[in-house]
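This is the structure:
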């Protein structure tokens, strides 16, 4: 069973009076354990593709099936549960809560799951060890470097044991040295069996992935 | 829905964290609610104070009592006392109202100079009947009271209050000693129990009571008129009915035409309560109106602060939604924040109200009674303001598109 399948997925937005078609019939199949890089110039529709894969948005037409469920037919609450349990997000701008500590940021997804609080905290501390930030768990994000913040975000993405890790330009704000660390961390995630999808501009990063998907003007290119 | 309830404690901790994280917002929310709640606390304290005081005064006056004095209410208000109540009225009331177990006449002579040896003092001189002790619920602590023989014999005897006793005799025992009132000697036969001050600042313990007959013949040279009659009825529950009966009875006796100006005034427990409560009523109305207005204003201030906050924190909302928060989670978090802040405002306001009510009663001698009821009303109102003003902003927050909110 594939993790997710896209069949002829289209997405259009209404901008003023104009209907803008961003995705124009995408067909994709992603298997569990895949390590995929998605490349495309800005405006190619790769962010929209990521949003649909991340269950943050649903297609205008076509089918997107995530873990055997077609997302168009699901309620907002159902989609929230899928994001919470099955998807870990890593964003270009880290998106940590500025007023919460490192540990509290990592625990954020567990607020919305039925995870036992004590066990969640134990998991969070294990993940802090994994990303090498156990000494910083009571720091605020603003006291950390960009690379450290992104490692916190990765720990947060892993806390609920997701099936899919979606990283949208995870190194976009980082220098090349730190980027390498982040990519090797994501590669490790792939090695322990997670499905990892990285959206990137950087061909070097794309080379690390097992499979490359190019998006060009709303369709999958070669 | 059940799942939402299960994570309520965790959502609450998120609300708490955010509530204190945004300090300017917290300060203005708490301040605006605190002012409104403080005035609510003041109203409740003033209302309860008025009732407690009225009850206290009625208790001292006697809940089964009515007093009839000469002159109508308007005349009394100007400070004049018209003499219209006679000894015949007294006898007639005694005869016609068997339910009145005490019917006691009073002659108020007013401030008079008394002396013992070289000591002189101004005191309140009153002529009374033999039942004054029951009529005014005022027992003796020493000696004996004025009895029938004293009244029939027009004896020169008197019962004095504790304040006067101390002023004239110091630590010595006054009973059996002679004091001079208006030039004639009066033997002290008893000492009254301490009663304290009246609401308008008169010291009730600075007085001397002498037989009614002595007061009329030897002090006033009066044969007919007395100042007032106090009646106590055995059936306390029907006292209002008796008051009306008594008024009708006296109107007939005084041959007053229907609708004519009354020449006497009755004071009943009901009137005392009404009088004291209306006195407080104006203040309650004033503080009450401003309190409700300020709570309304607080509600709008908070709603707007939260709308701004939702805009400012749209990225946070987007992040939380991406990480799996449902719309319900977002609503509960923001509602939680507003309720936490307004409840804190309620607590601050309760304290503010408590201390200002203390100040009020200390400075203006205004009756204030602070109880858990005021505190409960304050907390309830403040959380209500929190819910009402939080609804709209939290709905706005929940309806944000996660992706758009995050990238804003």
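Protein chains in written order, with the working numbering: chain A, 1 to 222; chain B, 223 to 630.
Ideal Cβ placement from N, Cα and C applies to all residues, glycine included.
- Shown in chain order are the members of the stretch 523-546 of chain B whose Cβ falls below 9 Å from a Cβ of chain A: 537, 538, 540, 541, 542, 543, 544, 545, 546.
- Identification of chain A residues near residue 243 of chain B by a Cβ-Cβ cut-off of 7 Å yields 99, ordered along the chain.
- Secondary structure note for residue 190 of chain A: its alpha helix (DSSP H) is the uninterrupted segment 176-191.
- Taken in chain order, the whole alpha helix (DSSP H) runs of length 4 or more contained in the stretch 235-285 of chain B are 245-283.
- For the pair residue 119 of chain A and residue 553 of chain B, the Cα-to-Cα distance works out to about 27 Å.
- Within the stretch 41-56 of chain A, 51, 56 place their CB atoms closer than 7 Å to a CB of chain B, listed in sequence order.
- For residue 577 of chain B, the three-state secondary structure derived from DSSP is helix.
- For residue 60 of chain A, not one C-beta of chain B is nearer than 9 Å to its own C-beta.
- Comparing alpha carbon positions, the residue from B:408, B:313, B:468 closest to residue 440 of chain B is B:408.
- At a cut-off of 9 Å, the C-beta of residue 227 of chain B has no neighbouring C-beta in chain A.
- Think of a sphere of 8 Å around the beta carbon of residue 239 of chain B: the chain A residues whose beta carbon falls inside it are 99, 100, 104, in chain order.
- Put simply, the CB of residue 615 of chain B is far from chain A, with every gap to its CB atoms at 9 Å or more.
- Contact between residue 564 of chain B and residue 251 of chain B holds, since their C-beta atoms are separated by about 6 Å, short of 8 Å.
- If you check the CB distance, residue 101 of chain A and residue 110 of chain A do not come in under 9 Å.
- Residue 569 of chain B places its beta carbon less than 9 Å from that of residue 601 of chain B.
- Within 8 Å of the CB of residue 233 of chain B, the CB atoms of chain A belong to 111, in sequence order along the chain.
- Residues of the same chain with a CB within less than 7 Å of the CB of residue 181 of chain A, apart from the 5 flanking positions on each side, are 147 in chain order.
- Every alpha helix (DSSP H) of 4 residues or more that sits fully in the stretch 62-102 of chain A is shown, in chain order, as 76-86.
- With a cutoff of 9 Å on beta-carbon distance, residue 452 of chain B and residue 360 of chain B are scored as not near each other.
- Here DSSP, grouped into helix, strand and coil, assigns residue 630 of chain B to coil.
- Using a Cβ-Cβ cut-off of 9 Å, residue 618 of chain B does not count as an interface residue toward chain A, since no Cβ of chain A sits closer than that to its own.
- Identification of residues in the stretch 248-266 of chain B having a C-beta nearer than 7 Å to some C-beta of chain A yields an empty set.
- Distance check between residue 137 of chain A and each of A:61, A:103, A:156 places A:103 closest, using alpha-carbon atoms only.
- For residue 406 of chain B, the beta-bridge partners assigned by DSSP are B:403.
- Between residue 414 of chain B and residue 381 of chain B, the gap from beta carbon to beta carbon is short of 9 Å.
- For residue 126 of chain A, the three-state secondary structure derived from DSSP is helix.
- For residue 558 of chain B, the nearest beta carbon of chain A is not closer than 9 Å to its own beta carbon.
- At a cut-off of 9 Å between beta-carbon atoms, residue 628 of chain B makes contact with chain A.
- Of B:463, B:620, B:594, B:558, the smallest CA-CA separation from residue 533 of chain B is found for B:620.
- Taking a Cβ-Cβ threshold of 8 Å, the residues of chain B close to residue 76 of chain A are 548, 549, in chain order.
- For residue 625 of chain B, the C-beta contacts it makes with chain A under 7 Å involve 51, 56, 57, in order along the chain.
- According to the DSSP secondary-structure assignment, residue 476 of chain B is paired through a beta bridge with no residue.
- Taken atom to atom, the span from the alpha-carbon of residue 307 of chain B to that of residue 350 of chain B is near 14 Å.
- Within chain B, 544, 545 have C-beta atoms less than 8 Å from the C-beta of residue 89 of chain A, given in sequence order.
- The criterion of a C-beta distance shorter than 9 Å is not satisfied by residue 271 of chain B and residue 571 of chain B.
- Distances from the CA of residue 536 of chain B to each of B:626, B:610, B:523, B:284 were compared; the closest alpha carbon is that of B:626.
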